[in-house]
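So the structure is just underneath, and the comments pick up after that.
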Amino acid sequence: MAVPSAAPRSAASTLPAGLALGVAELAVSSLPRSVAFYERVVGLRRLSQEPGVAELGGTGGPAVLRLVERPGAAPKPREAAGLFHVAILLPERRNLAITLARLVRERLRIGASDHLVSEALYLDDPDGNGIEIYRDRPRGEWTYRAGEIAMATEPLDAEALLDLLAPGVDLDAAQPAGTRVGHIHLQVGDLAAARAFWIDAIGFEPTTTYPGAVFMSAGGYHHHLAANVWASRGRGPAPEGSTGLLSFEAILPDAAAVEALATRLDARGVAYQRDEDALRVADPWGTTIVFVVG
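Here it is, written out as structure tokens:
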């Protein structure tokens, strides 16, 4: 699954190690239904709400999701470019165990995988937006092949996970402080074009490849971003007004990192919008990433 190590890239051509992901913005067809789902099933809590928009996260934040209502919007077609899943990273393995027990109680159709670097649960929200909920293994337990991070899709040991829970544990407890977006996985129409945008222009570094997919990060993380063509090869974005991913934030450590990014984009003729607080740029299929300093 791994590819041979590439030559080291200069700091000017890559995103800094201090990058973290911020809030992911999802279009939903019914805000009350989606808020209820994310609170009851996922364990998030409303941090703020105004007409048509709600932000949710773990206890005390940060914001993980911003839900934007598009009343009656149709789901993104499965084969369209756009969101594959938003991945919510939990601080502790026990938090994942509680989440699994809650999903079992709700009798939802879920997926569950051991990716070597992480343990993960998968489900769809009421609009078909893909959601991953996961916990990372310590970096010291990760393994490498030919200089690349070893990842796989193996069965999750659900029994071992549930054995962490004491009888009578509160399955309705909110996800804890520090719950955040760990990575975003996209469907794209062309993998070479995705690599040219996300790696060459934006500055992520490839970490692992699968057939039809590439995983990318900053600072040696297993992946902050992934892109695949498994169902979307040759496809364009979803019809205007569909549900799905509208944008996601990437938090940079300082203004110099934003300047370096702008220089890379200018050199490649990639259009972007910039104001005092953010740099916004869309990939070839219309997904917007918002870079902020934090």
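Residue numbers for the sequence shown follow the numbering used here, beginning at 128 and rising by one. Quick reminder that beta carbons are idealized off the backbone N, C-alpha and C, glycines included.
- prompt: On the three-pair Cβ rule with 8 angstroms, is the segment 390-404 touching the segment 155-168?
  reply: no
Alpha carbon of Leu174 to alpha carbon of Ala384, nearest angstrom: 29 angstroms
field: Given Glu259 as reference, the closest of Asp402, Thr414, Ala389 and Leu313 once Cα atoms are compared
entry: Leu313
Rounded C-alpha distance that separates Gly187 from Ala304: 6 angstroms
task: Kindly provide the ranges of any alpha helix (DSSP H) runs that are 4 or more residues long and lie completely inside the segment 238-325, ordered along the chain.
output: 285-289 and 318-322
message: At the level of alpha carbons, what is the spacing between Phe324 and Gly413?
response: 12 angstroms
query: Hey, how far is the Cα of Leu248 from the Cα of Ser240?
result: Approximately 7 angstroms between the Cα atoms of the pair.
- prompt: Starting from Phe164 and walking both ways along the alpha helix (DSSP H), at which residues does that stretch end?
  reply: Leu158 to Phe164
message: Report the CB separation of Leu243 from Ala279 in whole angstroms; it is logged as a contact under 8 angstroms.
response: 5 angstroms
query: Between the segment 141-153 and the segment 345-358, do at least 3 Cβ pairs fall closer than 8 angstroms?
result: yes
- prompt: What is the rounded straight-line gap between the Cα of Arg172 and the Cα of Arg401?
  reply: 31 angstroms
field: Whole beta strand (DSSP E) elements within the segment 156-230, 3-residue minimum
entry: 172-177, 180-184, 190-196 and 209-216
task: Please determine if the segment 355-363 and the segment 203-219 are in contact, where contact requires at least 3 C-beta pairs separated by less than 8 angstroms.
output: yes
query: Quick one: what's got a C-beta closer than 7 angstroms to Ala147's C-beta in the same chain, skipping five residues either side?
result: Ile378
message: Does Ala139 pass the burial test, meaning 16 or more other C-beta atoms within 10 Å, or should it be called exposed?
response: exposed
field: Nearest-angstrom Cβ-Cβ length linking Ser157 and Glu196, presumed shorter than 8 angstroms
entry: 7 angstroms
query: When you compare only the Cα positions, how much space is there between Gly316 and Leu292?
result: 42 angstroms
Option in Leu388, Gly184 and Tyr271 with minimal Cα separation from Thr336: Tyr271
Proximal residues to Gly309 (C-beta, below 6 angstroms), its chain only, five neighbours per side dropped: Ala214 and Leu216
- request: For the alpha helix (DSSP H) holding Asp388, just list the boundary residues, first then last.
  value: For the sequence presented, residue 388 should be read as Leu rather than Asp. Unbroken alpha helix (DSSP H) run through Leu388: Ala382 to Ala394.
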